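Note sheet for the following structure.
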C-alpha cells in the first residue's frame, strides 16, 4: 500500500528550505500519498468510499470487545513501562493513566494515515504533557507508523533514536509539534485548530468540505498551571474553535506531590469563564464508554472548544506507586514492574504486543491509506470545480512559494522618504500578503504600533475566520506558541508582533520555533532606546545578544527600506528556521548602498573608499545605528581616511558565508574596527576583535526623548569618530 | 514633622549593598522615621493614638463633601492630562478613568506616611497597568510625597526626572515596584501580600498585631490577558490572601480597540474559579459610594483575595476621545484638552491644584507621621514584651544580615564526596535558613529536582503562612514576579527555582528583578546537556550568554561545593542585584583550589604550575566543565607544559575587579587560551581572544545519557588538550 506515487498525488510535505545544521532529519521524502490501487478505488467509489470507511470504523468500534480494548490499553501501559525501564529514565505515570483515552483516540476516533504522517487532512494530536511521550510512541507503534518500530521503543531516550525524551516533531514523523516545556502543546493545538478553521473558511465549498479535521490534545495539571495555557485557551474560546477537543488528565499529582499543595482552583469554572464547553469524565481509568460519550458530546458542540476533564490515576496499575509522584518521572524498578504485571494480569515479555492486539490495530494502515485516498479523490473533484482555490490551497498545503513572489518586495533609493523600519515592515507585509496566500498574522494588541495590519483583509474572528489579521490580545507567550502550531499545520506562514523587549514574555515559544523548525516570522518593533519616553521597562538592551546566542534562529536588524525588504525575503524563504526582525520606532533615512542581496549575506559593505581590501578603519553598524556609522564614515573620509562601512544585519547569515567572502568584508589584517549598536556590547568582541571598540549600551535604558538618550548614552557620530581614531 | 531622628526609630530602609552602576538613585537616607515630638505623642497616647487617627480619617471620609471629592478627582485627571500634554508623550486615558478609585484609595482608605515612603507597615499600592503612571504621580503629589513635586510633574518622561514613563521603584520613592510590562504588577502585589501574610503569621501576637497592612492593585484588561496574572492570581486564591484587593479597570478598551476583538472571556467567572471574591462596581466614573462599599466588602472577606471589577470609561471627560483607544497612549492635543476642560468645568491653568483640594489633602503629612509614630510605639511595646521576635523582625525589616552569617556556609575539601551542585545548593540553603530569618522560597513544582526544600520548615500555605517553603506550582513567570514583590516588601530574601532552561518562561520577571534592584536568588538546576535524557527541550544552551548580556544581574555557575557556597555568599550579599545560580543535575568532584574567596572575584586560578605570570596555556572552565579543564591541565603538565586553570564562575564579578587583578588571572600576553563550557560559545571571544579557542555547544542538545552527549558534542578532556596544543 505504501509504494510512492509522488507525481500523482499531493505529497503534502512542507517544502524544506533550511535545516538545522546539526540535527538529524527524518527522510520525509520516503512518505507519500497514494498507490495506483487506491487511486483506482477512488475513481470507482468517489465520495461513497469515505462513508464506507467511517462506517466500518464505527462498526469496529461498536463491536470492539471490551476485553480486547482492555488488552490494548494494557499493551500501551506496558510498552511505556518497559521502554522507561530499559532506558532507566522517563515518565511512566502519565501513559499508565492516560492509556484508555489514548487508545480510544488513536484506535476509534482519529482519522490519520500511518503510511503518510503528513497527509494534510489528518486529525492532529498533541501531547501537551510531553513528558508522557511513551504514550504517544506506543500509540504510533500500534497504529503502524514506520517511525516507531519495536527497536525504536527499545532505544527510547538513547543517542540517535527516533524516540527522544519528549515528543519532537523533527525527529519522529507522526509527532505534530515539540512539547515538554509545559503549556506549549495546548497553545500549539490552539494554533493547529485555528489554522484548520481558517483554511476551512477560506476553501470549503457547500458541496466539498475539503478542509475538515479535529485537533486533540492531552494536557495535565502542569500545563493547566502555566499562564501560557490560559492565554491560548482564552483565545480558543474567543475564536470558538469547535473542533479543538482537549483532554485534561486530572490526576491530582504533580512532581512535588498532591496538587492540593499548589493548585486548588476550579479548572472547570475557569474554562467556563474562558468560553469552553466542559465535560467531566469521572472514571478515566476504565470508563471507556464515558470517554467515548464525552468525545461524542464534544463533537456535537460546534461553536466552542471542549475541555474533557478526565479523572485518572497516575501510574494506574502499579500496586505500590500509583497515585503518587514517585511514578511521575522515574522508572518503576524491576520489582514494581513485576508487581504491576501481576496486578494487571500481564504475563508477557517486555515490549510484547499480543497477537490479537496487533491484529486489531493492523487495520489502520489500510484504513488510513483509504482515508487519504478518499480525500485525494475529493481534492481531485475540488480541483476540477474550483481551479483557482485548489491551486492556492495546494500551495498552502505544500508550502511552495509562488514563482517570483519576491518581486513584490518594495525597493528604495536614497531619495525615498525617511521612515521607521516598522512602517517599512508594514509595506513589506502588505506587499507580500498579495502574493503569499499562506501569510497571516498579527500582534499582541499593538497592531497600530507594530504596524502589522494587512490592509486588504479583515480580522480573523469567530464569525470571520477566513480573514488574515489575527488579534492575539496582550498574550505574547500564547501568540508565539499559537504561531508555532499554525506554522507546523501545513505551509501557512504566520507572523506575530510585539515590542522587541517583550520577546522576554514569549521566549520559551520562540525557542520552540527554533528547535522545532517552525518558520514563524517575529516582527519586533521598538527595538532599542530609540523608543524613547516609555523608559527602561520597554527598551531592549540584551535582546539582540540573547537571540544571536540561540541556535537555529535568524536575528535580523535592518537599517532601512531595502534592508527591511531583504529581511522579509530571508524570513519568508526560511520555512524551517524562525526569523526575528528588530525594527525601529523612529524614522530612519534610506541609506546609499543597502540592498536585499546584501541582507542575504548577513553582512556587507555599504560604502568604502579604500582599495586592496585594506581600509584604515572598518565601521560596523546594525539597524538604526548604521546611519551613525555611515555619517561617521563620511566625516572620516573628509579627513582623508579610507573607511569601510559595514552593515551586519544578521550575524547568523554572515557566519554561514564562505571564508573568502567574510575575509572580503572583514579582512583579518584590518584590526581597526569600531561597531555601534544600541544594545549590549556582549558578543561584539567576536566582530571587532581585541583591538577594536564596540560602542553600545551595557546598562538599562532611561525614560526621555530618544535623541536625548542617544546623546547621553554616547551613541553618536562623534563617539564613533573618536573611537575610530583611537583604534 | 519630617526632621530625621534615625537613631531613635527604625528607618526601615532595605540595606543597600549593590547598586546599578549607572542609574541615578533617590537619596533614601533623607527619609526617616519619627521626630522627637511624635515620639512624645507615642509615649503619652500609646495604642489609643491609632484609634484616634483612624477615627479622624473615617470622619473626614464621611463628612467629605462630594463636590470636593469630585474636584479632587478632576485635579488628578488634569494633572495627568497636563503632564502628558507637556511631555507630548504618555497615557492619559487610564488616569482619567481611574481617578475616582485612585482618589478614594489614597485619600480615604490607604495608610501611609508621605514623609517616609519606606515606613514598614504602610499599605502597599501597585499600579499594574503601569502606563497609567500619571495617576500614581498625581496621587503621590497630592498626598505630599517629596518625590513628586510640581516640577517633577512638569518633567514627566524627561531625562533625569523622578517621573519616568512607567512607575520605577528605584526612581520614585512611593512607588513600590516597577511596572509597565503588563501582568507583572498584579503578580508583584501577590508577592507583597504573601510577604505580609507570612510576617504577620510569624510575628503577630494576640495582643500586638505588629504586621498589618493591605495591598491594593489597579490592573487593566492588558494585565488580565497576560498569563502571568492568571498564574499569580491562582496562587493568591490558593493562599487565601484576604488582604489583597485588586481593582480591575474594566474599560473595554485596549490599544487595538474594543476588547471585543480579542478578550471576551468572563473575567468574573475565571476569578471565581481561581478562588477570589468578586465584586462589580458598575459605575466607576462617578459611583464613589459604590467604590467605597466595594472596598468595605472586600475587607470583610478575610480568607480570599478580592477582585473589584470597576467599569470605567477610558479618558473619562474627554468629549471626543473618551471610550476610544486614541486616548490610551497619546497626548490629547491642545484642542481636546481645552474641550475636556470645558466639559468637566475646569477653568484652571495647567498643573494647578485648587486651594481647597490642596488643603483637603494636606492632612496626610501629619496623619501619616502619626500613623508611623503610633506604629513605632506599638513596635516599642512589642520589643519590650517579645525581645527575640522583635530583633528578628527588625532584621527582616531593615534587611540587615546578622553578623557572621556567612560562617554558616559549608566548606569542602577535595576529599569530600562528589556531589551535584544542586545538592550542594540544598546544603547551603538549609545552612543559611538557620541564620537568615528572612530567607524563604521554593520551586515551580520541582522542589525534589531543584533540591530547594528547607528541611526544618513546613509549607507556606493558607493555614500555615508562617512556614518558609513556598510551593509555586508550575508557574515560573508568576513565581519570579511574586519573588520580586517579596524582595521589595522589606528585607526578606526570596529564592525560587526551576530548571535553568525554563528561565525562558520567567525572563520578563527576571529582567524586572535586575532593573528594579530586587535581590531575588534564582536557583536554576539542570544547567546543561548534563541533564541527559530529557533532551533538547530541557537542555539550556544559550541561557548563560543571554544572562551575561543582561544588565545588573549576576550569573553564577559554580563548579563544586566551595564554589556553590561562594555563589550563595555573593547572592545573599547582593540585595539590590539578583543572582542566578546555574547548578548541575549530575555529580561533580570537589576540586582542589576552589574557594569562596575565588568566587567573590568572579574568576581565579584554581591551579597553576607556571611562574612569572606566563603559563604556556590558560584553560578556562565554568561549572561542570571546570573538572574537564582541570583534568586536561593535569595531562598537559605531565607533558611538561605550564598550565593555568581558571574558574570563571561569574563574568560580571570578574569584570568588576581591578585591571591589575584581571591581568594577574588572564595576562594579556598569554593568548593561548582554551575555554570549555557546556553552552553557547557566544561571547567567549571576549575571554579567549581572537587567537584562543572556545569549546562549547552551538546547536540544540539531544536526548541521550549525559556522558554520551558530552562525548558526541566534543566536550572532553581530549578536545581541550587538542585545542590547547593548537593555540
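Chains as they are written, first to last, in the numbering used here: chain P, 72 to 798; chain V, 72 to 798. Glycine included, C-beta positions come from ideal geometry on N, C-alpha and C. In this text the structure is predicted, and so the values were computed from the model without any measurement.
Assuming the contact rule is C-beta atoms closer than 8 Å, residue i and residue j should be a hit. Round their C-beta distance to whole Å, please.
i                     : j                     : result
residue 760 (chain V) : residue 787 (chain V) : Incorrect: roughly 23 Å between the Cβ atoms, too far for contact.
residue 758 (chain P) : residue 719 (chain P) : 7 Å
residue 204 (chain V) : residue 238 (chain V) : 5 Å
residue 790 (chain P) : residue 657 (chain P) : Between residue 657 (chain P) and residue 790 (chain P) the Cβ distance is about 18 Å, and since that is not below 8 Å, they are no contact.
residue 600 (chain V) : residue 749 (chain V) : 6 Å
residue 784 (chain V) : residue 468 (chain V) : Incorrect: roughly 49 Å between the Cβ atoms, too far for contact.
residue 714 (chain P) : residue 690 (chain P) : 6 Å
residue 352 (chain V) : residue 381 (chain V) : 4 Å
residue 164 (chain V) : residue 386 (chain V) : 4 Å
residue 685 (chain P) : residue 739 (chain P) : Incorrect: roughly 11 Å between the Cβ atoms, too far for contact.
Starting from the Cα of residue i, find the closest Cα among the options and give me that residue.
i                     : options                    : result
residue 28 (chain V)  : V:367, V:278, V:630        : Because chain V here runs from 72 to 798, residue 28 (chain V) falls outside it and cannot be looked at.
residue 255 (chain V) : V:555, V:415, V:571        : V:555
residue 533 (chain P) : P:160, P:241, P:269, P:248 : P:269
residue 698 (chain V) : V:637, V:515, V:489        : V:489
residue 419 (chain P) : P:153, P:688, P:286        : P:153
residue 140 (chain P) : P:428, P:344, P:546        : P:428
residue 618 (chain P) : P:595, P:174, P:780        : P:595
residue 160 (chain V) : V:202, V:587, V:324        : V:202
residue 151 (chain P) : P:189, P:197, P:211        : P:211
residue 848 (chain P) : P:175, P:738, P:636        : The structure shown does not extend to residue 848 (chain P), since chain P spans only 72 to 798, so no value can be given for it.
residue 400 (chain P) : P:358, P:470, P:326        : P:326
residue 721 (chain P) : P:708, P:712, P:703, P:755 : P:755
residue 416 (chain P) : P:142, P:764, P:780, P:706 : P:142
residue 823 (chain P) : P:773, P:763, P:771        : Since the first residue of chain P shown is 72 and the last is 798, residue 823 (chain P) is not available in this structure.
residue 705 (chain P) : P:732, P:662, P:536, P:414 : P:662
residue 735 (chain V) : V:674, V:779, V:769        : V:674
Ends of the beta strand (DSSP E) at residue i?
i                     : result
residue 326 (chain V) : Unbroken run through residue 326 (chain V): none, as it is neither H nor E.
residue 348 (chain P) : 348-352
residue 721 (chain P) : Neither: residue 721 (chain P) is in no beta strand (DSSP E) and is coded neither H nor E.
residue 587 (chain P) : Taken as a continuous stretch (DSSP letters only), residue 587 (chain P) belongs to no beta strand (DSSP E), as it is neither H nor E.
residue 747 (chain P) : 744-747
residue 299 (chain P) : Residue 299 (chain P) -> not in any beta strand (DSSP E); alpha helix (DSSP H) instead, spanning 298-310.
Taking DSSP's pairing of strands, which residues face residue i in a bridge?
i                     : result
residue 566 (chain P) : P:512, P:592
residue 658 (chain V) : V:491
residue 381 (chain V) : V:320, V:352
residue 532 (chain V) : V:535
residue 561 (chain P) : None, per the DSSP bridge assignment.
residue 43 (chain P)  : Here chain P has residues from 72 to 798 only, and residue 43 (chain P) is not among them.
Tell me which residue opens and which closes the alpha helix (DSSP H) that residue i is part of.
i                     : result
residue 796 (chain V) : 788-797
residue 362 (chain V) : 359-371
residue 644 (chain P) : 632-644
residue 465 (chain P) : 458-469
residue 733 (chain P) : 730-736
Report yes or no: is there a C-beta of chain C within less than 8 Å of the C-beta of residue i?
i                     : result
residue 230 (chain P) : Structure shown: chain C not included; protein chains present are P and V.
Which whole runs of the alpha helix (DSSP H) in the stretch 239-292 of chain V are 4 residues long or more, in chain order?
255-274
Whole beta strand (DSSP E) runs in the stretch 662-712 of chain P with 3 or more residues, listed along the chain?
675-679, 688-692
If we require 3 or more residues per run, which beta strand (DSSP E) segments fall completely within the stretch 126-207 of chain V?
195-198
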